[in-house]
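Data block below; observations after.
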Amino acid sequence: MKYRFLGRTGLEVSPLALGTMTFGREADEQTSRRVLDTFADAGGNFVDTADVYNGGASEEILGRWLKGRRDDVVVATKVRYNSSEGPNTQGLSRRRIIAAVEESLRRLETDYIDLYQIHAWDPMVPLEETLSTLDGLVRSGKVRYIGASNVTASQLQKAVDLSRGNGWEPFRSLQPLYNLLDRDAELELFDVCRDEGLGVIAWSPLRGGWLTGRMRRADGAPAPGTRVETAEKLGWGESWSAYAAQERTWRILDTLDEIAGERSRPVPQVALAWLLSRPVLTAPIVGARDAGQLAELLPVTEWALSQDEVGRLDEASAIRIPYPHNEIAKGAAGR
Numbered sequence: 001m002k003y004r005f006l007g008r009t010g011l012e013v014s015p016l017a018l019g020t021m022t023f024g025r026e027a028d029e030q031t032s033r034r035v036l037d038t039f040a041d042a043g044g045n046f047v048d049t050a051d052v053y054n055g056g057a058s059e060e061i062l063g064r065w066l067k068g069r070r071d072d073v074v075v076a077t078k079v080r081y082n083s084s085e086g087p088n089t090q091g092l093s094r095r096r097i098i099a100a101v102e103e104s105l106r107r108l109e110t111d112y113i114d115l116y117q118i119h120a121w122d123p124m125v126p127l128e129e130t131l132s133t134l135d136g137l138v139r140s141g142k143v144r145y146i147g148a149s150n151v152t153a154s155q156l157q158k159a160v161d162l163s164r165g166n167g168w169e170p171f172r173s174l175q176p177l178y179n180l181l182d183r184d185a186e187l188e189l190f191d192v193c194r195d196e197g198l199g200v201i202a203w204s205p206l207r208g209g210w211l212t213g214r215m216r217r218a219d220g221a222p223a224p225g226t227r228v229e230t231a232e233k234l235g236w237g238e239s240w241s242a243y244a245a246q247e248r249t250w251r252i253l254d255t256l257d258e259i260a261g262e263r264s265r266p267v268p269q270v271a272l273a274w275l276l277s278r279p280v281l282t283a284p285i286v287g288a289r290d291a292g293q294l295a296e297l298l299p300v301t302e303w304a305l306s307q308d309e310v311g312r313l314d315e316a317s318a319i320r321i322p323y324p325h326n327e328i329a330k331g332a333a334g335r
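Quick note: the sequence shown uses UniProt numbering, first residue 1, plus one each step.
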């Protein structure tokens with residue numbers, strides 16, 4: 001793999017990050033270790049987890065695998081959501097962050113975290129409290145870089161500006177929802193990332209199975225065993241109901257099928273290749289239930305879509321541009 005810098009930092013990461021949400025749930029420890037071995041053998045060095053993934057089991061499994069290879073792996077984890085019952089067990093207060101980072105370090109069996117991310121915005125805690133605490137973790141050496149996930153463009157810009165004004169370590173990356181079906185991050189978030197030099201690590205690049213080639217309009221229901229099937233039962237965002245009624249969804253899937261057939265490549269690789277063509281993107285986060293599923297995705301780093309193929313997918317997945325972005329675009333086009 002050809003490594004990329006994470007935004008304007010000197011941290012080099014693989015063009016695919018390995019997501020570990022399945023560890024300790026769909027994938028037991030033995031299976032998880034095979035997934036990690038397959039990723040590392042292919043040159044992958046960027047692994048993303050979170051303190052709440054499966055009650056901490058994801059971090060624990062990763063921590064045991066890291067023994068003897070810690071310096072070869074860029075470890076990213078997150079803080080924000082509930083860790084247990086009771087007060088002060090969620091959010092981005094100073095108390096919660098300090099407790100959470102110690103818990104993550106213990107589970108990961110390491111003395112530092114490469115990238116520590118807020119899992120989402122916390123409207124109940126002063127931003128100064130959160131950012132000054134994260135700055136202290138960097139200064140202490142327990143954290144190397146900090147990042148954000150699931151924030152608005154204005155929130156991200158506010159955090160960057162506040163850190164700059166106070167001399168605090170700024171966010172160095174953004175982890176947004178981004179894929180062919182979900183392109184809203186392009187409207188404002190990516191402008192902030194480009195202007196401020198943040199790396200972009202996209203979560204759900206295959207949207208829970210929607211972009212794997214297994215969903216068919218004629219079936220009238222999600223493919224069995226997919227995350228979409230689970231999402232439909234639980235009412236999650238990537239559910240069948242959320243996308244099946246949109247003609248745009250099927251236009252995207254048809255275009256993916258066409259290009260995959262022309263290229264003799266699996267549909268998921270084509271969906272990932274489109275993401276890898278985006279200049280703002282550092283790495284999509286790919287997850288897998290087993291090593292075989294991951295092995296099907298890894299060859300995407302060895303080839304690229306043509307400009308024509310990218311254009312076809314851009315057109316198929318184009319989103320409605322809301323006001324005032326549409327007026328801004330018209331003004332730019334006329335100059």
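Glycine included, each C-beta is placed from N, C-alpha and C at the ideal position. Values in this document were obtained by computation on a predicted structure and should not be read as measured data.
Closest Cα partner of L105 within the set I319, T49 and D314
The candidate whose alpha carbon is nearest that of L105 is T49.
Am I right that V280 and R194 are in contact with their C-beta atoms under 8 angstroms? What's the rounded C-beta distance?
Beta-carbon to beta-carbon, V280 and R194 are separated by about 6 angstroms, close enough to satisfy the 8 angstroms threshold.
Ordered list of alpha helix (DSSP H) runs contained in the region 67-154, each at least 4 residues:
You should have 94-108 and 127-140.
R96, buried or exposed, once every other Cβ within 10 Å from all chains shown has been counted against 16
It is buried - the Cβ of R96 has at least 16 other Cβ atoms within 10 Å.
Once you ignore the five residues that flank Y116 on each side, which residues in its own chain have a CB closer than 6 angstroms to its CB?
Excluding sequence neighbours, Y116 sits near V143 and I146.
Is the CB-CB distance between L272 and P284 below 7 angstroms?
Taking 7 angstroms as the cut-off, the Cβ atoms of L272 and P284 count as close.
Please work out which residues of its chain come closer than 7 angstroms, Cβ to Cβ, to T212, disregarding the five sequence neighbours upstream and downstream, and give them in chain order.
Sequence-distant Cβ neighbours of T212 in its own chain, meaning closer than 7 angstroms and more than five residues away, are L206, V267 and P268.
Rounding to the nearest angstrom, what Cα-Cα distance links L181 and L275 in this structure?
When rounded, the separation of the alpha-carbon atoms in L181 and L275 is 11 angstroms.
Nearest to V74 by alpha carbon, out of E229, G10 and D314?
The option with the nearest alpha carbon to V74 is G10.
For F23: DSSP bridge partner residues
DSSP, once it has assigned bridges, lists A27 as partnering F23.
Could you check what DSSP says for W168 in three-state terms: helix, strand or coil?
Three-state result, W168: coil.
Excluding five sequence neighbours on each side, which residues of the same chain lie with their C-beta closer than 7 angstroms to the C-beta of residue 337?
Residue numbering for the chain in the displayed model covers 1 to 335; residue 337 lies beyond these limits and cannot be assessed.
Alpha-carbon to alpha-carbon, A17 and L189
If you draw a straight line from the Cα of L189 to the Cα of A17, it is about 20 angstroms long.
For the putative contact between L294 and T38, defined by C-beta atoms under 8 angstroms, what is the C-beta separation to the nearest angstrom?
About 5 angstroms; that satisfies the 8 angstroms criterion.
Contact check, S239 vs A245 under 8 angstroms by CB: the rounded distance?
A245 and S239 do not touch by the CB rule: their CB atoms are close to 11 angstroms apart, not below 8 angstroms.
Taking the straight line between their C-alpha atoms, what separation do you get for G261 and Q175?
Straight-line Cα distance between these residues: approximately 31 angstroms.
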